[in-house]
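Below: one structure, written as structure tokens.
Numbering (my numbering), first residue to last: 650 to 1234.
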């Protein structure tokens, strides 16, 4: 008989074999055996101040690196606190492996102290959940968890570990091929479907490529760019797809949907072919479905067959990995072009000119000559002076949409955003996770004053470990997006959206040993940003922006993309003063 190891020791060795370098967690009674093994375990662990931050940090690590992020919580409240982060990762198809402590096997189901049905609670927010029954089972379960997290449509996986399993001993039997070197790529389409897709692309005059997070998950951005440039088809991205196509590219349309630009949404409304790649036709993109791309034939390429025609009926569905499918599609397009078909239909040039006319008619803009600090100006300035390979994490709300509109995206995996679940509190810990994945790159968390107050306790974490995250607060003293909806759709009945009672964020940062400053004047923005980005230390900057600024364009609830409101209505001086008085209270 070989040497025996505790379940906790076996677990740490299993994580090492899966090439885990760091994980985020918070100790508690049920996982103390694991922390005892970790004392000399050789894997870096970051002590967070709330388990939700651990899940968001693991998510940020995964989005930035493409590798599974790992988090840990103890039994009961530790596990339930992870759940919001897992639900966000599930909605956005992000590979996360969450480990949770559990009460000893002998008292499972007996309402022991800090017992919770973690498997039952997380069934809808994970791809798969495992309850480990013995120390000997740990290696196989951990290996399967990592494999499941990255295969097919990625997503979070949970491993529930009873305390007795971590204490018990066993002779470990590790899988012969640990570590996820290269995930299998789904290839379920038929050759005749690829041929038909190529024909539809070459025959169309007014095509648009509609791209989601699946292009980033499958590392298909080079193939996407080649297809766009080969056929002169413009590219629009979802919130999840930002970064998959360069913002400055002549064929870039930016983001579509509820807060997409006028030109982009008009292009969707008037295209004759819509090619969706790794996107799921969610409601924030489609608005009223009957008005979504009404003139277009639709091709949908996705790794998940359940997404095909789920929300919008399509003319051709291609199931498989985006990179594999795009490579095959490119070969077929070139083959058909070699037989005499033009790569770009003669009408495509007029189509691009028409889009440029829409762009000139209603560009994305804001008041650049007022005295107040405009949030769009702050975001443009941050983007201008940030490092070329900067990673930008955002929270949820108005600042999220302004960043999506005005940030210049150069590369994939540089945009971290809780897109599907829209969970406030995400941006700061996600930036922390990305910084751990890339210690030498610049990482900026752009957060609202509302969302930041949900996870600001992890200022202690970045201070303790000197994680050089840059935190930029777009502070409008309100739950801005909720206030905007109350203004536009609830007759300005402002109820419980003012955040005027809040800490002095700069002084709060200083209390943790982090440099913090406040910016209240437009003329100070550039110098403050340049100083903010000048070192390799955690920093916080609190921008007091115009509290009356709203996000435009906006598609009202129940409307179609064609019915978007492009710019704010004229506001009387008296109304502006009344609003200023409201937020001064």
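Note that CB positions come from ideal geometry on N, CA and C, so glycine has one too.
What did DSSP end up calling residue i once you bin it into helix, strand or coil?
i: residue 1101; result: helix
i: residue 1222; result: The predicted model places residue 1222 with a pLDDT of 47, which falls under 50 and marks its position as unreliable, so this point remains unresolved.
i: residue 681; result: helix
i: residue 1138; result: helix
i: residue 1206; result: coil
i: residue 1146; result: coil
i: residue 655; result: strand
i: residue 1188; result: strand
i: residue 941; result: coil
i: residue 664; result: helix
i: residue 1061; result: coil
i: residue 638; result: Summary: the structure shown does not reach residue 638, with the chain confined to residues 650 through 1234, and so no result is reported for it.
i: residue 1156; result: helix
i: residue 726; result: helix
i: residue 777; result: strand
i: residue 904; result: strand
i: residue 1200; result: coil
i: residue 918; result: helix
What do you reckon, are the CB atoms on residue i and residue j nearer than 8 Å?
i: residue 924; j: residue 865; result: no
i: residue 804; j: residue 889; result: no
i: residue 880; j: residue 982; result: yes
i: residue 1076; j: residue 1042; result: yes
i: residue 1006; j: residue 904; result: no
i: residue 1031; j: residue 1155; result: no
i: residue 1061; j: residue 893; result: yes
i: residue 660; j: residue 806; result: no
i: residue 683; j: residue 1114; result: no
i: residue 765; j: residue 779; result: no
i: residue 1179; j: residue 1163; result: no
i: residue 891; j: residue 1058; result: yes
i: residue 707; j: residue 1082; result: yes
i: residue 654; j: residue 1078; result: no
i: residue 858; j: residue 926; result: yes
As a quick exercise: from the options, pick the residue whose alpha carbon is nearest that of residue i.
i: residue 902; options: 756, 757, 1009, 1084; result: 1009
i: residue 669; options: 1217, 1166, 718, 956; result: 718
i: residue 726; options: 792, 767, 694; result: 767
i: residue 1186; options: 1192, 1090, 1127, 1124; result: 1090
i: residue 714; options: 959, 1116, 1086; result: 1086
i: residue 651; options: 819, 1202, 842; result: 819
i: residue 984; options: 808, 698, 846, 706; result: 846
i: residue 754; options: 742, 1142, 783; result: 783
i: residue 915; options: 937, 942, 897, 723; result: 942
i: residue 944; options: 909, 854, 999, 977; result: 854
i: residue 1169; options: 1150, 1144, 900, 1124; result: 1124
i: residue 1175; options: 1202, 1023, 1218; result: 1023
i: residue 909; options: 896, 887, 951, 895; result: 887
i: residue 1144; options: 1129, 900, 1152, 824; result: 1129
i: residue 895; options: 873, 911, 906; result: 873
How many angstroms separate the CA atom of residue i from the CA atom of residue j?
i: residue 1028; j: residue 716; result: 28 Å
i: residue 1182; j: residue 1088; result: 15 Å
i: residue 1071; j: residue 1045; result: 6 Å
i: residue 664; j: residue 688; result: 15 Å
i: residue 862; j: residue 1012; result: 25 Å
i: residue 986; j: residue 835; result: 27 Å
i: residue 1146; j: residue 1134; result: 11 Å
i: residue 1167; j: residue 1074; result: 21 Å
i: residue 672; j: residue 656; result: 18 Å
i: residue 1139; j: residue 1214; result: 16 Å
i: residue 1228; j: residue 1157; result: Confidence is the limiting factor: at residue 1228 the pLDDT is only 49, short of 50, which leaves the residue's position unreliable and the question unanswerable from this model.
i: residue 1017; j: residue 1026; result: 8 Å
i: residue 970; j: residue 867; result: 7 Å
i: residue 1209; j: residue 997; result: 25 Å
i: residue 922; j: residue 966; result: 13 Å
i: residue 798; j: residue 710; result: 14 Å
i: residue 1231; j: residue 1099; result: Low per-residue confidence applies at residue 1231: pLDDT is 46, beneath 50, and the placement is therefore not dependable, though the value from the model is reported in the following sentence. Spanning the two alpha carbons is a distance of roughly 17 Å.
i: residue 1142; j: residue 1206; result: 17 Å
i: residue 1015; j: residue 839; result: 48 Å
i: residue 700; j: residue 724; result: 11 Å
Is residue i near the ligand GTP, in the sense that its beta carbon is under 7 Å from a heavy atom of that ligand?
i: residue 768; result: Within the structure as shown, the ligand GTP is missing, as the structure has no ligands at all.
With a threshold of 8 Å between beta-carbons, can residue i be considered close to chain E, or not?
i: residue 958; result: Any reference to chain E falls outside this structure, which holds one protein chain only.
Would you be able to state if there are at least three C-beta pairs under 8 Å between the segment 1091 to 1105 and the segment 756 to 771? The answer is no - the segment 1091 to 1105 does not touch the segment 756 to 771, with fewer than three Cβ pairs under 8 Å.
With three or more beta-carbon pairs closer than 8 Å as the criterion, would you say the segment 1098 to 1107 touches the segment 721 to 734? no
Three CB pairs or more closer than 8 Å across the segment 741 to 752 and the segment 673 to 693: yes
Specify whether the segment 924 to 937 and the segment 957 to 966 touch according to this definition: at least 3 beta carbon pairs, one from each stretch, less than 8 Å apart. yes
Are the segment 765 to 780 and the segment 910 to 922 in contact at 8 Å, needing three or more beta carbon pairs? Counting Cβ pairs under 8 Å, fewer than three are found: no touch.
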